[in-house]
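In the working numbering, the protein residues as written are 10 to 353.
Data first, discussion second: the structure below is written as structure tokens.
Written out as structure tokens, the structure is:
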């Protein structure tokens with residue numbers, strides 16, 4: 010069956026399913042918020058999340074390509090407001106849940122999801138595509154799983170590593186076995202993405218968890234483990250980068266950064282629209298850009314999160330995004346300083 014047939018007959022069904030799931034989770038979040046002891050009123054991310062959503066919707070309304078902003082780029086599964094809305098609805102439902110919902114359940118879901126996604130990528134690496142209709146050549150042999158891109162896959166997988174460590178260090182033997190297995194499977198997946206950002210993020214996440222769990226009688230153990238993990242990530246990143254030609258792309262990224270700033274200058278308030286960087290870069294390619302990358306070279310991401318937000322959602326979008334990031338840091342700080350530090 011051709012890709013065109015797959016697109017015409019399956020994508021509308023998947024779209025309806027996604028919208029239905031989104032509405033169901035939004036309804037669950039709204040219903041949970043009306044129950045005693047639950048709700049979003051004290052959720053520290055409520056205001057910045059609402060600001061981000063408002064800017065994204067407004068930017069999509071004036072987007073260079075509203076369809077891409079809402080539905081996403083067909084080449085990348087992680088794009089589009091619909092998928093972002095689904096993830097936001099899941100988060101809202103979790104935030105509005107009753108207090109007795111255990112953090113352990115959330116960590117278990119994260120660890121299991123990351124391990125399953127990594128297993129999918131390993132199957133791809135072995136030459137087996139679990140979903141034949143999605144079969145594509147792996148970019149330079151880097152696994153993509155269901156994310157459509159090795160960088161996005163690495164960003165998704167690394168969140169599962171500290172969650173798996175939580176269970177790998179459990180006093181229960183069964184949880185230790187499952188946690189260690191999930192950690193090993195996810196770690197291999199992170200390595201095979203050949204995303205240096207994912208490697209550094211994974212090392213940082215595991216080091217942070219080790220520091221928080223460090224026994225008082227051996228305060229040197231966690232910093233030593235953190236340093237070793239970071240050194241291993243840097244060495245692996247250098248070797249893997251040379252093997253996969255990633256070092257050659259480093260100089261190109263400077264041109265993408267500069268072009269993103271020029272795109273922002275054209276639409277400084279709301280940007281070009283979510284996920285429309287590729288279209289926004291077209292008119293701003295200068296001689297240096299063309300000399301370094303050629304006429305046809307382009308990208309859907311600025312290779313810098315803040316510049317991506319600045320170019321596609323403008324100053325308002327970057328401001329809302331920075332507000333959300335600061336709120337996350339404050340929430341983590343408060344959770345670790347509060348009485349529920351062990352649970353946090």
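The beta-carbon is built from N, C-alpha and C at its ideal position, and this holds for glycine as well.
Quiz item: What residue from 129, 173, 313, 337 has the CA that sits closest to residue 140's CA?
Solution: Here residue 140 is taken as the residue at index 131 of the chain shown, counted from 1. Closest option to residue 140, Cα to Cα, is 129.
Self-check item: Any 3 or more C-beta pairs closer than 8 Å across the segment 323 to 338 and the segment 270 to 288
Solution: yes
Self-check item: Residues near residue 293 by beta carbon distance below 6 Å, same chain, minus five either side
Solution: Position 284 of the chain shown holds residue 293. Excluding sequence neighbours, residue 293 sits near 268, 271, 272.
Quiz prompt | Stretch pair the segment 200 to 213 + the segment 161 to 168: three plus CB contacts closer than 8 Å | solution = Short answer: they touch.
Exercise. Would you tell me roughly how many angstroms separate the C-alpha atoms of residue 212 and residue 136, rounded to the nearest one?
Key: Mapped onto the chain shown, residue 212 falls at position 203. Mapped onto the chain shown, residue 136 falls at position 127. One C-alpha to the other measures close to 28 Å.
Exercise. Check each candidate in 146, 220, 121 and name the one with the smallest Cα separation from residue 195.
Key: Along the chain shown, read from residue 1 onward, the residue named residue 195 stands at position 186. Cα-wise, what sits closest to residue 195 is 121.
Quiz prompt | Spatially closest choice to residue 314 from 265, 117, 147, 341, by CA coordinates | solution = Mapped onto the chain shown, residue 314 falls at position 305. It is 265.
Quiz prompt | First and last residue of the uninterrupted alpha helix (DSSP H) at residue 220 | solution = Here residue 220 refers to the residue found at position 211 when the chain shown is read from its first residue. Note, residue 220: alpha helix (DSSP H), 205 to 221.
Practice problem: Could you tell me the boundaries of the alpha helix (DSSP H) in which residue 52 lies? | Solution: To locate residue 52, count along the chain shown from 1; it is residue 43. Where residue 52 is concerned, there is no enclosing alpha helix (DSSP H), given that its DSSP letter is neither H nor E.
Quiz item: Taking the runs of the alpha helix (DSSP H) that are 4 residues or longer, which of them lie wholly in the segment 262 to 305?
Solution: 286 to 290, 296 to 302
Exercise. For residue 28, count neighbouring Cβ atoms within 10 angstroms of its own Cβ and tell me buried if that reaches 16, exposed if not.
Key: Taking the first residue of the chain shown as position 1, residue 28 is located at position 19. Label assigned to residue 28: exposed.
Self-check item: Where the alpha helix (DSSP H) containing residue 195 begins and where it ends
Solution: For the purposes of this step, residue 195 is taken as the residue at position 186 of the chain shown. Segment 182 to 201, the alpha helix (DSSP H) holding residue 195.
Quiz item: Hey, how far is the Cα of residue 55 from the Cα of residue 32?
Solution: Position 46 of the chain shown, counted from the start, is the residue given in the question as residue 55. Position 23 of the chain shown, counted from the start, is the residue given in the question as residue 32. For residue 55 and residue 32, the distance between alpha carbons rounds to 19 Å.
Exercise. Rank 115, 295, 156 by C-alpha distance to the C-alpha of residue 126 and give the top, closest one.
Key: Position 117 of the chain shown, counted from the start, is the residue given in the question as residue 126. Out of 115, 295, 156, 156 has the C-alpha closest to the C-alpha of residue 126.
Exercise. Could you pull out every residue in the same chain whose Cβ sits closer than 7 Å to the Cβ of residue 302, ignoring the five residues on either side in sequence?
Key: Locating residue 302 in the chain shown gives position 293, where the first residue counts as 1. Closer than 7 Å at Cβ, skipping near neighbours: 261, 264.
Quiz item: Taking the alpha carbon of residue 132 as the point to measure from, which residue in 118, 221, 201, 68 has its own alpha carbon closest?
Solution: As a working mapping, residue 132 is identified with position 123 in the chain shown. Taking residue 132 as reference, the option from 118, 221, 201, 68 with the minimal CA-CA separation is 201.
Quiz item: In angstroms, rounded to a whole number, what distance separates the CA positions of residue 173 and residue 214?
Solution: By one-based count along the chain shown, residue 173 stands at place 164. By one-based count along the chain shown, residue 214 stands at place 205. Approximately 11 Å between the Cα atoms of the pair.
Practice problem: State the start and end residues of the unbroken alpha helix (DSSP H) segment that holds residue 72. | Solution: Reading the chain shown from its first residue, position 63 is the one you call residue 72. Boundaries for residue 72: no alpha helix (DSSP H) harbours it, and the DSSP string shows neither H nor E there.
Quiz item: residue 343 to residue 138, Cα distance in whole Å?
Solution: Here the question's residue 343 lines up with position 334 in the chain shown. Here the question's residue 138 lines up with position 129 in the chain shown. Each residue's alpha carbon lies about 44 Å from the other.
Quiz item: What residues in its chain sit with their C-beta under 7 Å from that of residue 192, if we drop five residues either side in the sequence?
Solution: Working through the chain shown from its first residue, we reach residue 192 at position 183. Excluding residues within five positions, the ones whose Cβ falls inside 7 Å are 170, 173, 174, 177.
Exercise. Assuming residue 69 and residue 283 form a contact by the criterion Cβ under 8 Å, report the distance between their Cβ atoms to the nearest whole angstrom.
Key: As a working note, residue 69 is residue 60 in the chain shown. As a working note, residue 283 is residue 274 in the chain shown. That pair is a contact at about 6 Å.
Practice problem: Could you check the C-alpha separation between residue 217 and residue 304 for me, to the nearest Å? | Solution: Start at 1 with the first residue of the chain shown, and residue 217 comes out as number 208. Start at 1 with the first residue of the chain shown, and residue 304 comes out as number 295. Roughly 43 Å between the two C-alpha positions.
Quiz item: When you compare each of 287, 119, 311 to residue 160 by their alpha carbons, which one comes out closest?
Solution: The sequence position of residue 160 within the chain shown is 151, counting from 1. Minimum Cα distance to residue 160 is reached at 311.
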